[in-house]
Amino acid sequence: MPINQSSSNGSNPSAWRWLRDVGPVWALALALSTALVAAGRRLPQPLTPEGPWVGLLVLGLPLLMGLALAARWLFAATPDHPDRGESGD
């Protein structure tokens, strides 16, 4: 069987790796967005946006999530396909 051929059931586990890597971060962003919408609907009057808070929410949180995701990808404990060198045999 060739190395990059998928298994007999048609699923390729490495094709879904992105979901394992991005899924928790995406779920956290979705939960935060849901909480902010729910909190906004309960407020009796609209909030006046203030510069530092808007900048923190718009730029800070996505930057932190991106850094966390990049750190997970860069500093993975074990690679999926370690380099074993060239085989001459």
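Residues 21 to 109 in the working numbering are what the sequence shown lists, from first letter to last. Even for Gly, the Cβ is constructed at its ideal location relative to N, Cα and C.
- Rounded to the nearest whole angstrom, the C-alpha separation of V78 and R62 is 21 angstroms.
- Separation of L89 and V45 (C-alpha to C-alpha, rounded to the nearest whole angstrom) is 7 angstroms.
- Straight-line spacing of the CA atoms in G75 and R37 works out to 32 angstroms.
- Look at the segment 71–96 and you find these whole runs of alpha helix (DSSP H), each 4 residues long or longer: 71–75 and 81–94.
- In the DSSP assignment, P44 falls within the unbroken alpha helix (DSSP H) covering R37 to R62.
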